[in-house]
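To start, the structure under review is shown below, and the notes come after it.
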Amino acid sequence: MYTETQILKDTTQTAANGSEGELVINVGPQHPATHGVLHLVITLNGETIKKVEPHLGYIHRSIEKMCESLTYRQFIYVTSRMDYLSAHINNHACAMTVEKAMQIEVPQRAQYIRVLMDELTRVASHELWWGAMAMDLGAFTPFFYAFRERETINEIMEETCGARLTMNYMVPGGVMADLHPDFVRKVKAFIQLFKDHIDEYDELVTGNVIFQNRMKGIGYLSKEDAISFGCSGPVARASGVNCDIRKLSPYEVYSQVEFDEVLQTEGDSFARYLVRIAEMKQSIRIIEQLIDGIPEGDFQAKTKAVLKLPKGEFYSRVETARGELGVYIVSEGGTTPYRIKFRSPGFSNLSALDHMVRGSKIGDLMATMGTLDLVIPDIDR
Amino acid sequence: MAVDIVLSKRQTPDSKPQTLMFSLQGITNWIQNWLTANLPATWVVIVESLIVILLAIGLFAVLGLMLVWMERKVAAHMQIRLGPNRVGPMGLFQTSADTLKLILKEGLTPDGADKFLFNLAPFVVMIVGMLLLAPIAFANGFQIWDINIGVLYISAVSSLSVIGILMAGWASNNKYSLLGAMRSGAQIVSYELSAGLSILCIVVLSGSLQITDIINAQQNGWWILKGHIPVIIAFVIFIIAATAETNRAPFDLAEAESELTAGFHTEYSGMKFALFFLAEYINIFIVCAIGATIFLGGWMPLHIGGWQGFNHIMDYIPSSVWFFGKTLFLIFLIMWFRWTFPRLRVDQLLNLEWKYLLPISLFNLLLVTLIAILGWHF
Numbered sequence: 001m002y003t004e005t006q007i008l009k010d011t012t013q014t015a016a017n018g019s020e021g022e023l024v025i026n027v028g029p030q031h032p033a034t035h036g037v038l039h040l041v042i043t044l045n046g047e048t049i050k051k052v053e054p055h056l057g058y059i060h061r062s063i064e065k066m067c068e069s070l071t072y073r074q075f076i077y078v079t080s081r082m083d084y085l086s087a088h089i090n091n092h093a094c095a096m097t098v099e100k101a102m103q104i105e106v107p108q109r110a111q112y113i114r115v116l117m118d119e120l121t122r123v124a125s126h127e128l129w130w131g132a133m134a135m136d137l138g139a140f141t142p143f144f145y146a147f148r149e150r151e152t153i154n155e156i157m158e159e160t161c162g163a164r165l166t167m168n169y170m171v172p173g174g175v176m177a178d179l180h181p182d183f184v185r186k187v188k189a190f191i192q193l194f195k196d197h198i199d200e201y202d203e204l205v206t207g208n209v210i211f212q213n214r215m216k217g218i219g220y221l222s223k224e225d226a227i228s229f230g231c232s233g234p235v236a237r238a239s240g241v242n243c244d245i246r247k248l249s250p251y252e253v254y255s256q257v258e259f260d261e262v263l264q265t266e267g268d269s270f271a272r273y274l275v276r277i278a279e280m281k282q283s284i285r286i287i288e289q290l291i292d293g294i295p296e297g298d299f300q301a302k303t304k305a306v307l308k309l310p311k312g313e314f315y316s317r318v319e320t321a322r323g324e325l326g327v328y329i330v331s332e333g334g335t336t337p338y339r340i341k342f343r344s345p346g347f348s349n350l351s352a353l354d355h356m357v358r359g360s361k362i363g364d365l366m367a368t369m370g371t372l373d374l375v376i377p378d379i380d381r
Numbered sequence: 001m002a003v004d005i006v007l008s009k010r011q012t013p014d015s016k017p018q019t020l021m022f023s024l025q026g027i028t029n030w031i032q033n034w035l036t037a038n039l040p041a042t043w044v045v046i047v048e049s050l051i052v053i054l055l056a057i058g059l060f061a062v063l064g065l066m067l068v069w070m071e072r073k074v075a076a077h078m079q080i081r082l083g084p085n086r087v088g089p090m091g092l093f094q095t096s097a098d099t100l101k102l103i104l105k106e107g108l109t110p111d112g113a114d115k116f117l118f119n120l121a122p123f124v125v126m127i128v129g130m131l132l133l134a135p136i137a138f139a140n141g142f143q144i145w146d147i148n149i150g151v152l153y154i155s156a157v158s159s160l161s162v163i164g165i166l167m168a169g170w171a172s173n174n175k176y177s178l179l180g181a182m183r184s185g186a187q188i189v190s191y192e193l194s195a196g197l198s199i200l201c202i203v204v205l206s207g208s209l210q211i212t213d214i215i216n217a218q219q220n221g222w223w224i225l226k227g228h229i230p231v232i233i234a235f236v237i238f239i240i241a242a243t244a245e246t247n248r249a250p251f252d253l254a255e256a257e258s259e260l261t262a263g264f265h266t267e268y269s270g271m272k273f274a275l276f277f278l279a280e281y282i283n284i285f286i287v288c289a290i291g292a293t294i295f296l297g298g299w300m301p302l303h304i305g306g307w308q309g310f311n312h313i314m315d316y317i318p319s320s321v322w323f324f325g326k327t328l329f330l331i332f333l334i335m336w337f338r339w340t341f342p343r344l345r346v347d348q349l350l351n352l353e354w355k356y357l358l359p360i361s362l363f364n365l366l367l368v369t370l371i372a373i374l375g376w377h378f
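Going line by line, the protein sequences match chains A and B.
Residue numbers in the first sequence follow our numbering, run continuously in steps of one, and reach 381 at the last position.
Residue numbers in the second sequence follow our numbering, run continuously in steps of one, and reach 378 at the last position.
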């Protein structure tokens with residue numbers, strides 16, 4: 001039974017937490033829906049959310065500081081640990097910045113391989129997102145369906161790069177090793193597998209009435225808000241913002257392939273869902289165009305053993321599975337950077353969460369967070 | 001008053017089972033006679049109660065273990081994996097091993113919890129499950145208590161489990177538990193209405209609240225087959241309401257793993273958690289058994305009026321096989337829901353009940369009453 005002192009203690013706690021009738025809940029740092037160590041302090045009025053306050057720092061490894069003591073060849077590998085679901089694309093962005101500074105010409109074959117790997121990574125990342133998001137809504141089965149396809153991509157990666165998650169495959173001047181002889185055959189087999197199964201996704205999740213009711217009109221983000229919060233990637237594109245870096249400032253061979261920038265204008269969770277599903281199909285389209293025409297030649301440009309960047313500031317950006325990743329290097333002419341700054345997509349996307357879920361129910365918070373596709377080590381470097 | 005009406009109804013001559021099926025009544029009567037011949041009257045009652053209690057507890061444990069195993073296998077099948085396959089043949093003893101592990105775990109009680117209520121809650125939920133086993137007819141003549149208000153008893157007792165859940169949620173002194181318990185309270189109380197109304201449809205058709213009478217009324221065809229569309233609607237509503245009442249996905253808001261971690265039993269561990277877990281499966285069994293009894297004829301074989309030969313062949317299949325077959329089919333259906341659908345939101349859940357299911361079931365009850373008065377059913 002409650003003693004009087006306990007009740008007194010509880011009321012003082014409530015008063016400290018918020019005003020009358022408010023319930024303050026810590027979601028995370030260990031919680032099934034945050035997919036990592038994100039800590040959200042949510043203020044509730046009954047089931048209705050009044051405020052969401054994200055707290056970061058639980059997985060801060062000071063990657064930017066670490067990079068300052070690593071050479072330009074070494075620091076790339078640390079960035080695989082930022083957004084571990086698009087490790088290739090992170091490495092790609094860093095390698096590109098170094099190449100830009102050193103004015104290294106990347107061979108055509110390496111460019112093809114890089115884009116192929118990027119797009120495979122994007123598909124794998126979206127597959128995992130699809131499964132995890134369905135799990136946030138309480139449907140467990142899609143997770144296993146998604147892993148069936150993702151596993152095939154991981155096997156392809158393992159053969160060529162030697163790793164499944166943190167590949168460390170991109171180096172300044174190209175890629176670390178040539179493609180595995182089975183690569184083309186396996187990618188083609190994967191494309192077939194993907195096309196056979198993508199309709200299953202729609203049958204299982206997209207067309208479900210409960211799913212549509214949970215997603216439509218929830219977590220609305222207007223175009224203006226998307227821009228002012230600095231959102232990028234599928235989150236911004238679902239609100240109608242043209243922000244695909246592959247289209248805006250094409251890098252590697254993206255200017256030579258045909259693909260659509262997927263845009264939706266509704267700005268709700270369902271739009272974000274549709275954008276990602278369509279993006280997977282677009283990625284497969286890019287892979288199909290490139291897979292048959294991989295040119296012969298070097299997979300890596302001749303570079304000096306020790307890279308020294310000229311004095312100055314260098315910036316390049318790529319489109320990861322989550323949005324725009326910017327790499328900013330300040331060099332003083334030595335073998336290690338003076339300062340490195342990453343502009344991660346997840347951080348800006350997370351900042352819009354409070355705005356999106358105010359006034360909706362707890363269940364909507366999970367549904368919205370699921371469609372933001374947060375990877376916590378990317379937000380909290 | 002209501003009981004009197006039911007009692008007068010029972011005296012109609014055709015309420016006796018007319019099937020040729022082997023009845024377990026023979027065995028129970030033999031035990032009863034043997035005991036009365038050898039023991040004083042008080043001891044007969046005590047021994048019989050002991051037998052029943054042991055059987056009920058045994059059934060409770062076996063059902064819990066088997067259904068958990070079944071759920072794992074069904075889930076694995078839906079999710080393109082194998083499921084438990086190491087402990088025992090086809091992983092049959094996996095749940096026993098898990099239970100052993102849970103028994104050996106320390107039964108934690110959180111510091112800030114209301115200790116008495118916290119420890120009482122799992123037993124309340126479990127006792128409700130055991131009480132509900134009483135009026136269910138597992139086979140021809142095999143029933144613990146053939147009470148004359150059977151269906152009413154079931155609806156009344158099944159609503160008690162919400163007390164246990166609220167108790168657990170409140171006593172845990174945890175915000176997640178509290179939210180889960182509040183959701184559960186709103187949900188179970190709401191969905192009881194539609195469940196009760198759809199059961200009432202069958203009560204109107206068979207003219208009795210007693211389980212035996214309801215089963216005997218289906219000896220020339222199950223209600224779902226001879227009751228036209230209104231009974232099918234009632235059946236669908238009953239299945240939805242039953243899923244909601246047992247807190248199963250897509251209505252598992254009280255637990256809502258991704259939202260409330262584990263809802264009302266967040267703070268429970270070890271055997272106290274296992275009791276909640278077992279009670280969930282027993283509740284599934286019970287609602288499915290009730291559904292099978294009132295809509296699909298319980299242990300009654302598939303009889304078609306007039307087809308004597310066919311009916312005779314069907315009678316050769318034991319009644320317990322019929323009962324468990326139908327019940328397991330309904331359980332499979334509910335498991336299928338869980339592994340297919342996403343979860344509803346709390347306001348959508350209540351909208352579904354109050355705006356759609358309740359008006360439909362009220363109107364449906366009216367239709368069924370009309371059918372019963374005019375005798376339109378077969």
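Quick reminder that beta carbons are idealized off the backbone N, C-alpha and C, glycines included.
Asked                                                                                                                                                                              : Found
Strictly below 8 Å CB to CB, what residues from chain A border residue 84 of chain B?                                                                                              : Per Cβ cutoff of 8 Å: no residues; residue 84 of chain B is ~16 Å from chain A at best.
Starting from residue 258 of chain B, find everything on chain A with Cβ-Cβ shorter than 7 Å and list it in chain order.                                                           : 32, 33, 135, 136, 138 and 366
Since residue 168 of chain A and residue 91 of chain A are thought to touch, with beta carbons under 8 Å apart, how far apart are those beta carbons, to the nearest angstrom?     : 6 Å
So with Cβ pairs under 7 Å, would you call residue 382 of chain A a contact of chain B?                                                                                            : Nothing in the structure corresponds to residue 382 of chain A, since chain A is present only between 1 and 381.
Any idea what DSSP makes of residue 54 of chain A, helix, strand or coil?                                                                                                          : strand
Quick one: list the residues of chain A neighbouring residue 252 of chain B, beta-carbon separation under 8 Å, in chain order.                                                     : 138
Does the beta-carbon of residue 291 of chain B have 16 or more other beta-carbons within 10 angstroms, so that it is buried, or is it exposed?                                     : buried
Please report how far the alpha carbon of residue 353 of chain A lies from the alpha carbon of residue 364 of chain A, in whole angstroms.                                         : 11 Å
What's the C-alpha gap between residue 342 of chain B and residue 379 of chain A?                                                                                                  : 28 Å
Please list, in chain order, the chain B residues whose beta carbon lies closer than 7 Å to that of residue 148 of chain A.                                                        : 80
Tell me which same chain residues have a C-beta within less than 7 Å of the C-beta of residue 246 of chain A, skipping the five on either side of it?                              : 254 and 319
Below 6 Å CB to CB, which residues in the same chain sit around residue 179 of chain B once its five sequence neighbours on both sides are set aside?                              : 260
As a quick exercise: from A/286, A/226, A/206 and A/335, pick the residue whose alpha carbon is nearest that of residue 239 of chain A.                                            : A/226
Could you round the C-beta distance between residue 338 of chain B and residue 274 of chain B to whole angstroms and report it? I think they count as a contact, below 8 Å.        : Going by Cβ atoms, the distance from residue 338 of chain B to residue 274 of chain B rounds to 19 Å, so no, they are not a contact pair.
At 4 residues or longer, what runs of the alpha helix (DSSP H) sit wholly inside the region 132-213 of chain B?                                                                    : 150-158, 161-171 and 175-206
Buried or exposed: residue 35 of chain A, going by 16 or more other Cβ atoms within 10 Å of its Cβ?                                                                                : buried
Alpha carbon to alpha carbon, what distance is there between residue 329 of chain A and residue 340 of chain A?                                                                    : 5 Å
Which residue comes first and which comes last in the alpha helix (DSSP H) that contains residue 148 of chain A?                                                                   : 141-161
Please report the distance separating the alpha-carbon of residue 242 of chain B from that of residue 60 of chain A.                                                               : 47 Å
Closest by CA to residue 189 of chain B, which one among B/373, B/138, B/349 and B/276?                                                                                            : B/349
For residue 37 of chain A, name the three-state secondary structure that DSSP assigns.                                                                                             : coil
Look at the alpha carbon of residue 229 of chain A and the alpha carbon of residue 351 of chain A, and state the distance between them as a whole number of angstroms.             : 7 Å
For residue 151 of chain B, which of B/210, B/371 and B/31 has the nearest alpha-carbon?                                                                                           : B/210
Taking just the CA atoms, how far does residue 93 of chain B sit from residue 65 of chain B?                                                                                       : 8 Å
Which of the three DSSP states, helix, strand or coil, is assigned to residue 102 of chain B?                                                                                      : helix
Indicate the three-state DSSP secondary structure (helix, strand or coil) for residue 251 of chain A in the structure shown.                                                       : coil
Just to confirm before moving on: does the CB-CB distance between residue 134 of chain B and residue 144 of chain B stay below 7 Å?                                                : yes
Taking residue 314 of chain A as part of the beta strand (DSSP E), name the residues at either end of that continuous run.                                                         : 312-319
Mind checking who residue 45 of chain A pairs with in its DSSP beta bridge?                                                                                                        : A/48
Kindly indicate which residue of A/171, A/157, A/173 and A/282 has the alpha-carbon position closest to the one of residue 179 of chain A.                                         : A/157
Secondary structure at residue 7 of chain A, three-state DSSP: helix, strand or coil?                                                                                              : At residue 7 of chain A the pLDDT is 47, less than 50, meaning the model places this residue with poor confidence and gives no usable figure here.
Touch check for the region 79-87 of chain B and the region 100-115 of chain B: three-plus C-beta pairs under 8 Å?                                                                  : no
Can you find a C-beta in chain A that's less than 7 Å from the C-beta of residue 332 of chain B?                                                                                   : no
In chain order, what residues of the same chain have a beta carbon less than 6 Å from the beta carbon of residue 72 of chain B, not counting five sequence neighbours either side? : 83 and 84
What are the partner residues of residue 26 of chain A, as DSSP defines its beta bridges?                                                                                          : A/41
Run down chain A in chain order and give the residues with a C-beta less than 7 Å from the C-beta of residue 249 of chain B.                                                       : 138
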